[in-house]
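To start, the structure under review is shown below, and the notes come after it.
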Amino acid sequence: MTEHVDSVVIGAGVIGIAVAGQLARAGREVIVLEACDAIGSGISSRNSEIIHAGIYYPKDSLKARLCVAGRDLLYTFCESHGVEFKRSGKLIVATEQAEVATLQTIFEKAKANGVDDLQWLTVKQAQAMEPHVRTAGALFSPSTGIVDSHGLMLALQGDAEENGAVFAFSSPVTGGQVDGCGIVLEVGGETPMRISCDRLVNAAGLHAQSVARKLEGLAPETIPPTFYARGNYFILGMKSPFRHLVYPVPVPGGLGTHSVLDMGGQTKFGPDVEWVDSLVYDVDPNRAERFYSAIRRYWPDLPDGVLQPGYAGIRPKLAGPEGGKWGTDFVVQGPECHAVAGLINLYGIESPGLTSSLAIAKWVADLLSKT
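All the letters of the sequence shown, read from the start, carry residue numbers 67 to 437 under our numbering.
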């Protein structure tokens, strides 16, 4: 027997939960299928927990548009739902004169994206804000913040459930078919079942491509390759010298080894960029030496022996270290690409995915309203 529902969302990370809530508020019957036994077991629980301002991304890219819109939606949601957050602000620092030109590029890119509150700081102003930071110049982003990501996901889940969405945990998608007659999913777990639906959102994060390849009838050439970039974090085992987030200028594949204050006031550094072939989250203590070197570019007085292995997250990239045709932007893929009515695949949803989550949810719901 095949059960039929209006909408299915695959994945209960922050994106999937936000999409489920948006669809449920629109009056749709929604089931969320999650392979693990809890929400946010992947990317959503292994990141910097930063609310990004929308500074770094190419003009008119989905990352730029959805981050700027999502930032404002996220602050509003946190305020209305009692989610712990802080508008901490961040400094982007040039550690030598040659990097000041990079700050200018960042400033212009941010302005093009609609980030109109970025401020130039002189060396004296930057050091007044963060006396321990060595800099040749800096930018200050007052709209950057931090958030309790798990608290956010719990609030989003509660909102979705209040509007009728149902979460099915330990329910991996093991197969399926997509054709002119609709969408059918094979679901594993303790009580395997078949579900047909009119609308399907593949928000499986690190496993989005794997899920897509299980759908018979979906053209393989529409599915991007998968590359994994692990980001390691180290914890500072002493009182933080910083009052704001501190970022160096970006590096290839990421935003540099930055300093982040969490909601408890503890400082963590990361992520770095380590290209890997599998989903392994162990942090190699030997990588600390690279962290000391990177951090001392902007905090030269970092003492020896104070960095402790923290945790690691893995970012789903659509292109490897040498690049690739799929680029670095989010991919929100609808029927115009794969010709399957009612199907939305979300690929490469890495940073700033957390910040963009509510804007992505609105975007997906709007696309599905046309089917």
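From the three backbone atoms N, C-alpha and C, an ideal C-beta is built for every residue, glycine too.
Is the beta carbon of Gly-155 less than 8 Å from the beta carbon of Arg-137? no
Return the CA-CA distance between Gly-230 and Val-312, expressed in angstroms with no decimal places. 41 Å
How many Å lie between Cys-247 and Ser-236 at the Cα? 28 Å
Taking Cβ to Cβ, would you say Gly-393 is nearer than 8 Å to Ala-385? yes
Could you please give me the residues that DSSP links to Phe-151 through a beta bridge? Val-213
Please confirm if the stretch 171 to 184 is in contact with the stretch 122 to 131, defined as three or more CB-CB distances below 8 Å between the two stretches. yes
In the DSSP assignment, what are the bridge partners of Met-259? Val-253
Assigned exposure category for Tyr-347 - 16 Cβ within 10 Å defines buried: exposed
Answer yes or no: do Val-85 and Ala-427 have a C-beta to C-beta separation smaller than 8 Å? yes
So the candidates are Phe-151, Leu-266, Leu-251, His-70; which of them puts its Cα closest to the Cα of Met-219? Phe-151
What residue range does the beta strand (DSSP E) around Gln-88 cover? From DSSP, Gln-88 is part of no beta strand (DSSP E) but of the alpha helix (DSSP H) over 80 to 91.
Are the beta-carbon atoms of Arg-363 and Thr-161 separated by less than 8 Å? yes
Residue burial classification, Val-342 (beta-carbon count within 10 angstroms, cutoff 16): exposed
Using 8 Å as the threshold, is the C-beta distance between Gly-283 and Val-244 below it? yes
In whole angstroms, what is the alpha-carbon distance linking Val-27 and Ile-249? Not covered by the structure: residue 27. The range shown for the chain is 67 to 437.
Rounded Cβ spacing between Leu-266 and Gly-108 (contact assumed at less than 8 Å): No, Leu-266 and Gly-108 are not in contact; Cβ-Cβ is about 19 Å, not under 8 Å.
Among Leu-132, Thr-292, Gly-148, Leu-251, whose alpha-carbon lies nearest the alpha-carbon of Trp-429? Leu-132
DSSP state of Gly-322, grouped into three classes? coil
Boundaries of the beta strand (DSSP E) in which Val-398 is found, first to last residue: 397 to 399
For the candidate residues Leu-434, Glu-227, Ser-435, Leu-420, whose alpha-carbon lies nearest to that of Val-134? Leu-420
From what residue to what residue does the alpha helix (DSSP H) around Lys-436 run? Where Lys-436 is concerned, there is no enclosing alpha helix (DSSP H), given that its DSSP letter is neither H nor E.
By Cβ distance below 7 Å, which residues in the same chain neighbour Ala-285 in space, the five residues on each side in sequence not counted? His-404
Tell me the rounded alpha-carbon separation between Ala-378 and Asp-350. 10 Å
Measure from the alpha carbon of His-198 to the alpha carbon of each residue in Ile-97, Phe-206, Phe-308, Gly-303, then state which is nearest. Phe-308
Those residues which DSSP pairs with Phe-300 across a bridge: Phe-335, Pro-375
Could you round the C-beta distance between Gly-414 and Lys-383 to whole angstroms and report it? I think they count as a contact, below 8 Å. 7 Å
Proximal residues to Leu-222 (C-beta, below 6 Å), its chain only, five neighbours per side dropped: Ile-83, Ala-84, Gly-87
When you compare each of Glu-388, Pro-366, Ala-354, Ile-380 to Leu-373 by their alpha carbons, which one comes out closest? Ala-354
Give every residue of the same chain whose Cβ lies closer than 8 Å to the Cβ of Val-96, excluding the five residues on either side of it in the sequence, and list them in chain order. Val-71, Asp-72, Ser-73, Val-74, Val-75, Ala-86, Leu-89, Ala-90, Ala-226, Gly-230, Ala-231, Val-232
With Leu-205 as the anchor, note down where its beta strand (DSSP E) starts and where it stops. 203 to 207
Starting from Leu-412, follow the beta strand (DSSP E) in both directions and report where the run begins and ends. 409 to 413
Mind pulling the alpha helix (DSSP H) runs of 4 or more residues that sit fully within the stretch 128 to 174? 128 to 147
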